[in-house]
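Colleague: Just so you know, we're using our numbering here: the sequence shown kicks off at 3 and counts up by one.
Beta carbons are placed, not taken as given, at the ideal position from N, Cα and C, and that holds for glycine.
Note that the structure is a prediction, hence the values are computed from the model and not measured.
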Amino acid sequence: MCWNLKNKFVFDHVAEIYDKSFTHSRIGKLQRGFVMDYMDTILPRDKPLSILELNCGTGEDAVYFAKKGHNVVATDLSDEMIRVVKQKIGEYRLEDKITAFSMDIRDILNVDFGVKFDLIFSNFGGLNCLSAQDLGTLSNNLAPLMDKGGRLIAVIMPKNCLWENFYFTAKFEWGKVFRRNTNKMLPVNVGTHDIPTWYFSPEEIRAIFSGDFRKIGQKPIGFTVPPSYMEPFFRNKGKALNVLGNMENSLNRISGLASFSDHFLIDFILK
3 MCWNLKNKFV
13 FDHVAEIYDK
23 SFTHSRIGKL
33 QRGFVMDYMD
43 TILPRDKPLS
53 ILELNCGTGE
63 DAVYFAKKGH
73 NVVATDLSDE
83 MIRVVKQKIG
93 EYRLEDKITA
103 FSMDIRDILN
113 VDFGVKFDLI
123 FSNFGGLNCL
133 SAQDLGTLSN
143 NLAPLMDKGG
153 RLIAVIMPKN
163 CLWENFYFTA
173 KFEWGKVFRR
183 NTNKMLPVNV
193 GTHDIPTWYF
203 SPEEIRAIFS
213 GDFRKIGQKP
223 IGFTVPPSYM
233 EPFFRNKGKA
243 LNVLGNMENS
253 LNRISGLASF
263 SDHFLIDFIL
273 K
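1. So what's I256 in DSSP terms, helix, strand or just coil?
2. Can you tell me whether S133 is helix, strand or coil according to DSSP?
3. Within the present structure, is the beta-carbon of A242 separated from the nearest heavy atom of the ligand PLP by less than 7 Å?
4. Please report the Cβ distance between C58 and T43, rounded to the nearest whole angstrom; I am assuming they are in contact, meaning their Cβ atoms lie under 8 Å.
5. With 16 as the cutoff for other CB atoms within 10 Å, does H265 come out buried or exposed?
6. Pick helix, strand or coil for D78, following the three-state DSSP scheme.
7. If you run the structure through DSSP and keep just helix, strand and coil, what is P204?
8. Closer than 7 Å by C-beta to F274: which residues in its own chain qualify, once you throw out the five before and the five after it? Chain order, please.
9. Round the Cβ separation of I91 and L129 to the nearest angstrom and send it over; I've been treating them as touching at under 8 Å.
10. Find the nearest neighbour of A145 within the set K239, L54, R95 and G71, judged by alpha-carbon distance.
11. In the DSSP assignment, find the beta strand (DSSP E) that holds P234 and state where it starts and stops.
12. Opposite A156 in the DSSP bridges: which residues?
13. Give me, in chain order, the residues of the same chain whose beta-carbon lies closer than 8 Å to that of A17; leave out the 5 immediate sequence neighbours on both sides.
14. Between I110, K88 and R255, which has its C-alpha nearest F225's C-alpha?
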């Protein structure tokens, strides 16, 4: 999730419905599946990793990693999101695999984690709640927390999304067609409130993190599969979504499509 008091308020108020509205939606499942397909290629089966998750939301990814035997520290600014995470920890009996607590990302160096991390992970636009300057600071702050050869993997919203272009064109909302394509902060609706959001191209993210990390991979997430706010339109069109999902499985090896998708995954290794 995102990292200031207003964002804490917003996500505290949507925590109870977040899984229903996104995590368990058809589109949410498809997009998360593409992310986890990539993660499965890098997660070792014979060695548990120490994983730090930033903006963990309701803990869906933390549970996924823990079920595969990895040790996860799941953090989020929202106390209510963390409450939901702890419910899942108990439900799946993962108390020995997941530690969850609320944390402001700006205070990350003040936290004694007691371990160096093999992987730091942030999913579905959590880092879009930070400005370019804040991301540069984050890069500097994450490097000391990681083991040699550690990986940083983030899923971020780019400056261009073809689905969004088509969507707002069809609605004749011309001013929103290319709304992402700006260096300025944009207010983006979550629930009944807006949160400050910045969009970044894959190249901009590579440059911001280049002082401490080297990019080793990227892929589109949501190129043929639409953004989650289109779930109501596709609710009774499961076959169409399946076709779009199969198309994405065929196309997501083309890394250049990351610049035009709803999200993109970017993979770094610590220098």
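Modeller: According to the structure data:
1. Of the three classes helix, strand and coil, the one that applies to I256 here is coil, per DSSP.
2. Here S133 sits in coil by DSSP.
3. The ligand PLP is not part of this structure, which contains no ligands at all.
4. C58 to T43, Cβ: 21 Å. No contact.
5. Residue environment: H265 is assigned as buried (16 or more neighbouring CB atoms within 10 Å of its CB, all protein chains considered).
6. Reduced to three states, the DSSP call for D78 is strand.
7. Correct three-state label for P204: helix.
8. Absent from the model: residue 274. The displayed extent of the chain is 3 to 273, so no value can be given.
9. Contact between I91 and L129 fails: their C-beta atoms lie close to 24 Å from each other, not under 8 Å.
10. Per the Cα distances, L54.
11. Per DSSP, P234 belongs to no beta strand (DSSP E); it is in the alpha helix (DSSP H), E233 to F236.
12. DSSP, once it has assigned bridges, lists S124 and I268 as partnering A156.
13. In its chain, beyond the 5 residues on either side, T60, S80, E82, M83, R85 and V86 have a beta carbon closer than 8 Å to the beta carbon of A17.
14. It is R255 whose Cα lies nearest to the Cα of F225.
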